[in-house]
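Under UniProt numbering, the residue at position 221 of the sequence shown is numbered 221, and the numbers go up by one with no gaps.
Some notes on the structure that comes next.
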Amino acid sequence: MHTAGDVRVEEREDPRIVEPTDAVVRLTATCVCGSDLWPYRGVEPVDHQVMGHEYVGVVEEVGSEVRSVKVGDFVVGSFVISDNTCEICRSGYQSGCVHREFVAQTIGTQAEKARIPYADGTLVPTPGQPDEELIPSLLAASDVLGTGWFGAVAAEAGPGKTVAVVGDGAVGLMAVLAAKQLGAERIIAMSRHPERQKLARFYGASDIVAERGDEGVARIRELTGGLGAHSVIEAVGTQEATMQAVGATRPGGHMGFVGVNHDVSIPGIDLFFANIHVHGGPAPVRRFLPELIRLIWDRRIDPGKVFDLTLPLEQAAEGYKAMDERRATKVLLTL
Ligand SMILES: [Zn+2]
């Protein structure tokens, strides 16, 4: 991305092994993330930035110390590089690894190949070469599914719980899927787009709330006997969505926030009187990848449906445009 709104596909030098813990992956598919729209829209600064952090592909080369993935393996990687061995990783927070590196900032996987540092800690091989039809779902696991899943786990979605999801982008829809898988009793999706409402229902939403802001909060309270939801997942990152999530969570309930924050400030006094648990941040996707790959491999979940536009990598600029104009929820780029 040269500057806001200016995406170009250009030749770069082929990545190669630099550290003995690296792998070079030839990508099979990649995609455009909702968070890529922040710089695209000029909300985040951008200056000749490599783009992309979601990826699946085949390992082409490994460094001398790589043990758990080998050349020829089909792998799914997390959008945060992690060693998976430090104390933070072992506690399940690979997105806070002492060696963390954000793929989006330095690697850029909207590309044909990528050098992945800490390959053993970042990449997870699939049980075999996947069928073509599984590729979108495996790609979703790399970020949106893993992030929605973390949102649901952070919000403690589970049996007997009413879960509300703020945001109907790919992550919000994946949070609905996750809440369903985790056994939530009732799932309220907040969405005003008919197509996305339909997809939310497909993934397990039992109720749809189209209202936003204070009206949205009032509607959630109305649906929950005046109490608010047990679990609320914030999957947008704006001030309005965040306050909607805080307001929709019942006292003692849990709010999971996974939308990348932009100029959000929660008034301390509101948080104080809300009496809620708040947990979130960049998702430790690596923690969930083995389980998510298994669920996809066994065809028990179908997260790949969030991709509603597929383009060749050369047309990446059109992919950004389609998402920016909300003509597409999520764009898959093929190679
Ligand atoms: Zn670590």
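Ideal Cβ positions, reconstructed from N, Cα and C, are used throughout, including at glycine.
Q | Per DSSP, the bridge partner or partners of I116 | A | A23
Q) Rounded to a whole number of angstroms, what is the C-alpha to C-alpha distance between R186 and K161? A) 7 angstroms
Q.
To the nearest angstrom, how far is the alpha carbon of G121 from that of G77?
A. 9 angstroms
Q. Which residues in the same chain as A241 place their Cβ atom closer than 7 angstroms to its Cβ, once the five residues preceding and following it in sequence are excluded?
A. V166, G167, E234 and G259
Q. What number of angstroms, rounded off, separates the C-alpha of K198 from the C-alpha of L332?
A. 20 angstroms
Q: Using only the heavy atoms of ligand 1, determine whether one of them is closer than 8 angstroms to the beta carbon of S82.
A: yes
Q: Drop a sphere of 10 angstroms on the beta-carbon of S35, count the other beta-carbons inside from all chains shown, and report buried for 16 or more, exposed for fewer.
A: buried
Q. If we count the other Cβ atoms within 10 Å of its Cβ and call it buried at 16 or more, is Q110 buried or exposed?
A. buried
**Q.** Reduced DSSP secondary structure (H/G/I, E/B, other) of R186
**A.** strand
Q) Taking the alpha helix (DSSP H) that V217 falls in, what are its first and last residues? A) G213 to L223
Q. Thinking C-beta only, is L177 closer than 9 angstroms to G158?
A. no
Q | Neighbour-count burial assignment, F257, 16 or more Cβ in a 10 Å radius | A | buried
Q | Residues that DSSP places opposite I208 in a beta bridge | A | A189
Q.
Let's see if you can read the secondary structure: which residues bound the beta strand (DSSP E) around R250?
A. T249 to F257
Q: List the endpoints of the continuous alpha helix (DSSP H) containing F272.
A: G268 to A274
Q) Y203 lies in the alpha helix (DSSP H); which residues open and close that run? A) P194 to Y203
Q) Taking DSSP as the reference, what is the three-state secondary structure of C89? A) helix
Q.
Assuming A175 is part of the alpha helix (DSSP H), what are its boundary residues?
A. A170 to Q181
Q: Confirm, please, whether the CB-CB distance from H279 to G252 is below 9 angstroms.
A: no
Q. Sorted by chain position, which residues of the same chain lie with C-beta nearer than 6 angstroms to I107's C-beta, five sequence neighbours on each side aside?
A. A114
Q: Please classify G57: is it buried, with 16 or more other beta-carbons within 10 angstroms of its beta-carbon, or exposed?
A: buried
Q: Mind checking who F307 pairs with in its DSSP beta bridge?
A: In the DSSP output, where bridge partners are listed per residue, F307 has none listed.
**Q.** Pairwise C-alpha distance: D47 and R41
**A.** 13 angstroms
Q | S231 to A205 span [Cα, whole Å] | A | 14 angstroms
**Q.** Buried or exposed by the 16-neighbour rule on C-beta atoms within 10 Å, applied to R219
**A.** buried
(Q) Does the distance between the C-beta of I88 and the nearest non-hydrogen atom of ligand 1 fall short of 8 angstroms? (A) yes
Q.
Since V80 and G72 should fall inside the 8 angstroms C-beta cutoff, what is the C-beta to C-beta distance between them, to a whole number of angstroms?
A. That pair is no contact at about 25 angstroms.
Q: State yes or no: is the C-beta of L335 within less than 9 angstroms of the C-beta of P312?
A: yes
Q.
Please classify L289 as buried or exposed, where buried requires at least 16 neighbouring CB atoms within 10 angstroms.
A. buried
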